[in-house]
Every structure is written in C-alpha cells, then in structure tokens.
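In what follows, a single structure is set out as structure tokens and then discussed.
Number of protein chains: 2
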Amino acid sequence: MKTIISPLKITEFIRQARRKGKKVGFVPTMGYLHDGHLALVKSAKRDNDVIVMSIFVNPTQFGPKEDYAKYPRDFKRDAHLAKKEGVDVIFYPTAKDMYLANHSTYVTVENLSNNLCGRSRPGHFRGVATVVAKLFNIIPADSAYFGQKDAQQAFIIKRMARDLNIPINVKIVPTVREKDGLAMSSRNVYLNKSQRREGATLFRSLSLAKRLIRQGERNSSKIIKAVRDFINRNNFARIDYISIVNTDTLRDIKKLKGQVLIAIAAYFGKTRLIDNVILKVR
Amino acid sequence: MKTIISPLKITEFIRQARRKGKKVGFVPTMGYLHDGHLALVKSAKRDNDVIVMSIFVNPTQFGPKEDYAKYPRDFKRDAHLAKKEGVDVIFYPTAKDMYLANHSTYVTVENLSNNLCGRSRPGHFRGVATVVAKLFNIIPADSAYFGQKDAQQAFIIKRMARDLNIPINVKIVPTVREKDGLAMSSRNVYLNKSQRREGATLFRSLSLAKRLIRQGERNSSKIIKAVRDFINRNNFARIDYISIVNTDTLRDIKKLKGQVLIAIAAYFGKTRLIDNVILKVR
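So the protein lines, in turn, are chains Z and V.
Note that our numbering gives residue 76 to position 91 of the first sequence, counting from 1, and the numbers run on in steps of one.
Note that our numbering gives residue 1 to position 16 of the second sequence, counting from 1, and the numbers run on in steps of one.
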C-alpha cells in the first residue's frame, strides 16, 4: 500500500490507473478508522480494481467551539487497518496543501444544509461540501463511498456532485453498528461507560419508530413524540433534534409518504451522537 | 464544426480527444460573439489542437432587475463566426439541462467577489463561479480562456479553479477594443449613437491614469480623482465605481505597488460598461 501526500501526485496516480482501464473507488475519511469505514472499503472493493482512501481531518467543517483540535487521530493504526482491508493507496494531505494561502472558495448546498444537523452546526456542511468537491477533483475516481450514518452529509454530497456535474458516482453504504446497535463513529471514543451504554438508545428508539410505521402510523408528530418519550425514559441524553424528512428536500414532513429519513441527534455528556433510518413508506 | 447540446455527450467528446493525446482549449461565452471572443479563440488555437466554445446565457449570474431576458442572442450568427475562426465544437446546452430540478449547489469566491462589480451586482459572481465550475467539469479541457475586460471575473475564476483543485489552466487574454478604444462587449449593442461615442471615454480615462503613473504618481485617491474628473468633463455617464486594487485580494489600495488593477464601471443611459487596466508598479 502506498501513501501519497501531494495532491498533484495522487491525481496523476488515479489518472494512470484509469488510463490502464482500472475502475477506481474512493473512500474519503477523517481517519481514526472503525468498522464503518472498513465497510465502505468492502463496498468499494466489490465495484472497483483500485481503492483510494483519503485521511484528512478537514478544518473547515468544524465550528469554532467544536472538536477539531482534539478530534482523534492515529495514522499508523489507520494505515495498518486500511492495508489489511485491501486499500491500495492512502491520500494523506496536509491542511496547508489542501487550503493554500488566500483560500477563498466555498461550495454550499442550499436547502439541504439548513435543517437537521445544519441547524446546530452552522457552516459544517459548507466545509464538508467544499472539501469533498476538492477531493473529487483531486481524486477523479469512478465511485465514492459514504456511510448512511451521516445521512444528511451523504445526500448533500450526492446533490453537490450532480449539481456541479462532477462525474463521480456517489454511493451510500448502510450504517455499521456495535452489537447493541450503537452506530459506529470515531467520536464514540469520547463516551464514558454509562454514556456508551445509553448511546444504544438511539438505535432502539429508531427501531421503535420503524415498528410504529409498520403498524400503520403515518403521523410524524406522533412518531417523533414516541421516540422522544422512549429516549427520555431510558437515559439522560439531551436531545438535539428528532426529525422526519423527505429525502429529496430534507424538509420536515407531517405525513409519512415515499422515501423518508428519520434522523436523531443527541448529546451524551459533551459528545454529540447521530443516527438515522431511511424507509420507503406507502 | 459540431454543435453538442448534451452535457454528457460533450464530456465524452472531450475525453476521447484527450485520450488521443490532443490538447483541448475551452472558450466559455454567453454568445453574441464579437472580436473579443474571437481573440480568445485565437489564443486557444495557439496552445491547443481542439477548440471548444460554450454558448450559454447563464441565468444564475443575472440579478432580478438585470437583462437576462433581453440579453442579445443569435446562435446562427455565432455558429458562423465560430466556425470561421476555427472552433471545432460548440457546447450549446439548455438552461434546463444545466440546472436540473432542485438545483441547490453554489460556488462562492469570498473576498474577491465583494468589491468592484460585486458591490453593484450582488450574487453575480456566485452565478459566474457556479456555472464555470460546472462547465469546467463538463468540459475537462487543458486550458480555458477569459477576457481581461471582465478582470474581476477572470481573477475569481482563476482562484476558484485553484481552490477547488480543478485541473484546468485559466488564461487571461488582453481586451480587444474598437478603433476609438471602447472595449468590445456584447452589451455595446444597447448603446445609442452618442452613448457609443461617450463610451470610449472609459478607455481614455484609463490611459490618463497610466500616464500619471508613468510620471510617478502612486497615490490612489489622486489618480482616481483625475480619472473621475476626466470622465465627468467629457460625458454624461453616471460613474458606478473607479477603483484601484491589488490583484491578489481585489481590495482597494492607497499606494500603488506591485500588480494593480484599475477598474471602472459606468452607466451610459441604462447600459453599464466596464473597463480596466492591469499594471506592474515599482
């Protein structure tokens, strides 16, 4: 496995691979890999000949009070895991090479960025869309793989690639969970023992929502209330939002119909966890 | 000469040309071609084997009170001129194909977009940066050619391509002028006879500024005052701005030093004309 630091060199590497007729799959990450990331690699390997992973903790997607400085990093461990999983090349740029002096350009995906996590993390999705647009140009792959855990991010990137005519196929891979249902996240390392145990309530509350829908419930407020009551009964998490939205607009809906996203964010201590489920409702 | 309407088809056309080792030059336009556009084609032909011109009046760069609907259009004439000049393929998309339903993504180039024309045309450069980012992805050329007449636009696009890692060389081509010095512009057709005559004052006032600088003047306010007085003495134009800025930041400077842009915008009747000069000052 190669590690490439220079944006120009990785572009050349990808171009050469594609010139030889190889299909290239791209897995963008902020590192501190867990089984969720490795599931992205597994998906990428099913469709492609060459797998590129980027590891870059992107400063522009963190708010001034967020955890950019203390975001967990361990390149050696990441490189080991990536290699074992069959990654061919890691792109591991410096922040200075990614954001040159007088960097001025930002990509925003309006509408989709305002609701859900966009409410409590202003500017976050602007940073995400900007760095992914850059990465897509640096790594002109056939397909790129994102986890459903960050559903809003995945929908925003899909829309961004379409709107900017970036010829990369954006694929969304199902969330990987711990045994008790907690969605894998690099931020789970922040949780203490009781927070870790309580974290699984998010998944269980989403399962409750699914059950209600299967039983015929179509009223958003009723489902949201049941989910909220369930979380409040079972732990001390501070709920940021529980929302049910249309997956095209990410706007709240009153009656469930078509493809819907049920998304939750909650603080366990200072750690903000998110989880979601996507359903087709008739 | 070919005309291609479909974004996907033009991308495939460019890829095939490049796969054969051809250099591709791209000239983006809004049509209604004049000698300024043809000078871009001439520059492109010097560096490339295949010349692509896009003709697209981009709705997102016009303000609600601007001239999108009545912007001059004449595809037949444009195609004739382009062919005569040696363009190989025209990309002539519909607005519907360029902006799909639920288009949500915009590219902004902060700082560079706020001053000069950005002041009187809010949102204009966001529309320009967005459509050019799209065009650069649709037409993955080696180089793209922009006229210096729209200097702020050219600097914004250069920065945008750099910041988003778009591997297209952005080249700025000197302004082409009428015999009396008026910068060529598709909007010159809006001018009546006396406005047309007065339009040339912009160029003459810039020549005055150059003369003052050659004589040693380095004080921006003094140069701006001289230019303003000259224009006011010679015609009835309503000056929008006269600015002297650093070409890296496009911010106003007090003392001239390094590469500077002297830019003017003025209304002749309802028609807004712009002109500029770029100088290296020691």
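The beta-carbon is built from N, C-alpha and C at its ideal position, and this holds for glycine as well.
In terms of residues, what are the limits of the alpha helix (DSSP H) holding residue i?
{"i": "glutamine 138 of chain Z", "result": "136 to 148"}
{"i": "asparagine 231 of chain Z", "result": "It is not in any alpha helix (DSSP H) - asparagine 231 of chain Z instead sits in the beta strand (DSSP E) that spans 223 to 231."}
{"i": "lysine 55 of chain Z", "result": "Lysine 55 of chain Z -> no alpha helix (DSSP H), and no H or E assigned at all."}
{"i": "alanine 211 of chain Z", "result": "205 to 219"}
{"i": "valine 116 of chain Z", "result": "109 to 123"}
{"i": "serine 105 of chain V", "result": "102 to 105"}
{"i": "valine 26 of chain Z", "result": "20 to 32"}
{"i": "arginine 4 of chain V", "result": "-8 to 4"}
{"i": "threonine 186 of chain V", "result": "186 to 199"}
{"i": "arginine 80 of chain Z", "result": "For clarity, residue 80 of chain Z is alanine in the given sequence; the question names arginine instead. 80 to 83 is the span of the alpha helix (DSSP H), which, as asked, contains alanine 80 of chain Z."}
Taking 8 Å as the CB-CB cut-off, is residue i touching chain V?
{"i": "proline -8 of chain Z", "result": "yes"}
{"i": "asparagine 150 of chain Z", "result": "yes"}
{"i": "alanine 129 of chain Z", "result": "no"}
{"i": "serine 179 of chain Z", "result": "no"}
{"i": "threonine 93 of chain Z", "result": "yes"}
{"i": "leucine 66 of chain Z", "result": "no"}
{"i": "arginine 147 of chain Z", "result": "yes"}
{"i": "leucine 101 of chain Z", "result": "no"}
{"i": "arginine 144 of chain Z", "result": "yes"}
{"i": "threonine -4 of chain Z", "result": "yes"}
{"i": "asparagine 87 of chain Z", "result": "yes"}
By Cβ distance below 7 Å, which residues in the same chain neighbour residue i in space, the five residues on each side in sequence not counted?
{"i": "cysteine 102 of chain V", "result": "His109, Gln137, Ala250, Ile259"}
{"i": "isoleucine 157 of chain Z", "result": "Phe131, Gln133, Ala139"}
{"i": "proline -8 of chain Z", "result": "Pro78, Asp82, Ile123"}
{"i": "leucine 149 of chain Z", "result": "Ala118"}
{"i": "threonine 14 of chain Z", "result": "His22, Met38, Ser39, Ile40"}
{"i": "phenylalanine 253 of chain Z", "result": "Leu176, Gln180, Glu183, Gly184, Ala222"}
Using a Cβ-Cβ cutoff of less than 6 Å, which residues in the same chain neighbour residue i once the five nearest sequence positions on both sides are dropped?
{"i": "threonine 232 of chain Z", "result": "Gln244, Leu246"}
{"i": "tyrosine 175 of chain Z", "result": "Thr256"}
{"i": "alanine 129 of chain Z", "result": "Phe11, Ile153, Val155"}
{"i": "arginine 213 of chain V", "result": "Ile227"}
{"i": "leucine 167 of chain V", "result": "Gly184, Ala185"}
Would you please verify whether the beta carbon of residue i is less than 8 Å from any beta carbon of chain Z?
{"i": "asparagine 96 of chain V", "result": "yes"}
{"i": "lysine 326 of chain V", "result": "The shown model of chain V, from -14 to 267, leaves out residue 326 of chain V, and the question about it has no answer."}
{"i": "arginine 267 of chain V", "result": "no"}
{"i": "threonine 90 of chain V", "result": "yes"}
{"i": "threonine 232 of chain V", "result": "no"}
{"i": "isoleucine 123 of chain V", "result": "yes"}
{"i": "asparagine 219 of chain V", "result": "no"}
Is it buried or exposed for residue i, if we count other Cβ within 10 angstroms and need 16 for buried?
{"i": "glycine 6 of chain V", "result": "exposed"}
{"i": "isoleucine 183 of chain Z", "result": "Reading off the sequence shown, one finds glutamate at residue 183 of chain Z, where the question assumed isoleucine. Buried, since its Cβ has 16 or more Cβ neighbours within 10 Å."}
{"i": "aspartate 135 of chain Z", "result": "buried"}
{"i": "phenylalanine 221 of chain V", "result": "exposed"}
{"i": "glycine 71 of chain Z", "result": "exposed"}
{"i": "threonine 79 of chain V", "result": "exposed"}
{"i": "aspartate 82 of chain Z", "result": "exposed"}
{"i": "glutamine 46 of chain V", "result": "buried"}
{"i": "isoleucine 36 of chain Z", "result": "buried"}
{"i": "glycine 48 of chain Z", "result": "exposed"}
{"i": "histidine 65 of chain V", "result": "exposed"}
{"i": "asparagine 43 of chain Z", "result": "buried"}
{"i": "leucine 120 of chain Z", "result": "buried"}
{"i": "asparagine 204 of chain V", "result": "exposed"}
{"i": "asparagine 87 of chain V", "result": "exposed"}
{"i": "proline 125 of chain Z", "result": "buried"}
{"i": "aspartate 165 of chain V", "result": "exposed"}
{"i": "leucine 85 of chain V", "result": "exposed"}
{"i": "serine 190 of chain Z", "result": "buried"}
{"i": "arginine 4 of chain V", "result": "exposed"}
Quick one: measure Cβ to Cβ for residue i and residue j, integer angstroms, because I've assumed they're closer than 8 Å.
{"i": "asparagine 100 of chain Z", "j": "leucine 193 of chain Z", "result": "That pair is no contact at about 22 Å."}
{"i": "aspartate 63 of chain Z", "j": "methionine -14 of chain Z", "result": "Going by Cβ atoms, the distance from aspartate 63 of chain Z to methionine -14 of chain Z rounds to 11 Å, so no, they are not a contact pair."}
{"i": "methionine 169 of chain Z", "j": "valine 92 of chain Z", "result": "Not confirmed; about 27 Å, so no contact."}
{"i": "isoleucine 198 of chain Z", "j": "isoleucine 208 of chain Z", "result": "7 Å"}
If you follow the beta strand (DSSP E) that residue i is part of, which residue opens it and which one closes it?
{"i": "glycine 10 of chain V", "result": "9 to 14"}
{"i": "phenylalanine 131 of chain V", "result": "128 to 132"}
{"i": "threonine 90 of chain V", "result": "90 to 94"}
{"i": "arginine 257 of chain Z", "result": "256 to 266"}
{"i": "serine 39 of chain V", "result": "35 to 40"}
{"i": "valine 157 of chain V", "result": "Reading off the sequence shown, one finds isoleucine at residue 157 of chain V, where the question assumed valine. It spans 154 to 158 - the beta strand (DSSP E) in which isoleucine 157 of chain V sits, taken as one unbroken run."}
{"i": "valine 245 of chain V", "result": "243 to 253"}
{"i": "lysine -13 of chain Z", "result": "-13 to -11"}
Closer than 7 Å: is that where the CB of residue i sits relative to any heavy atom of the ligand ADP?
{"i": "isoleucine 247 of chain Z", "result": "With respect to the ligand ADP, the structure shown offers nothing to examine, as it has no ligands at all."}
Here's a check: name, in chain order, each residue in its chain whose Cβ is nearer than 8 Å to the Cβ of residue i, leaving out the five neighbours to either side.
{"i": "isoleucine 75 of chain V", "result": "Met(-14), Lys(-13), Thr(-12), Ile(-11), Val37, Met38, Ser39, Ile40, Asp63, Ala64, Ala67"}
{"i": "lysine 240 of chain V", "result": "Arg203, Asn204, Ser205"}
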